[in-house]
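Just so we're aligned, residue 196 is where the sequence shown starts under this note's numbering, counting upward by one. Don't be surprised by glycine CBs; every beta carbon is placed ideally from N, CA and C. Small disclaimer: the values here were computed from a predicted structure and weren't measured.
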Amino acid sequence: IEMESNGEERVKAVLDVFQSKLIKRGISLKSLDAGEPRLSGKAWKITASMQSGISQENAKKIAKMIRDEGPKGVKTQIQGDELRISSKKRDDLQAVQKMIREADYDFAVQFTNYR
């Protein structure tokens, strides 16, 4: 995503509006990676990118935390850019979700249920 304007303050304002639109849609700002404003010819530009999924190392961090602190009987699998957590008990899954939310990582975390 590239934002462009004729002034540095204006391009920062465009980024601020974009961030407020993301918040309105329920998208975490942790998934937005915005660069610094730079002068390109006569216009100021900011390049931003959206991250989807989680990286292998972040998935490994979460899986290790679940193995160490989580309830017994919870299994984790890293599948590409997502982490699958399975258990026979729904209460265990809810406890793991709560534990992950409270951990406050520097990347966005989202939960889906395919049951």
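Measuring straight from C-alpha to C-alpha, what distance separates residue i and residue j?
i	j	result
residue 247	residue 261	22 Å
residue 301	residue 215	19 Å
residue 241	residue 224	16 Å
residue 234	residue 277	37 Å
residue 228	residue 303	11 Å
residue 230	residue 284	43 Å
Closer than 8 Å by C-beta to residue i: which residues in its own chain qualify, once you throw out the five before and the five after it? Chain order, please.
i	result
residue 291	261, 265, 266, 269, 280 and 282
residue 307	none
Which of helix, strand or coil does DSSP assign to residue i?
i	result
residue 231	coil
residue 274	strand
residue 250	coil
Leaving out five residues before and five after residue i in sequence, what residues of the same chain have Cβ atoms less than 6 Å from its Cβ?
i	result
residue 203	232 and 239
Quick one: is residue i buried, meaning 16 or more other Cβ sit within 10 Å of its Cβ, or exposed?
i	result
residue 210	buried
residue 198	buried
residue 206	buried
Does at least one heavy atom of the ligand SAM sit under 7 Å from the Cβ of residue i?
i	result
residue 207	As presented, the structure is devoid of all ligands, the ligand SAM included, so that no description of it is given.
What does DSSP give as the partner residues of residue i in its beta bridges?
i	result
residue 245	227
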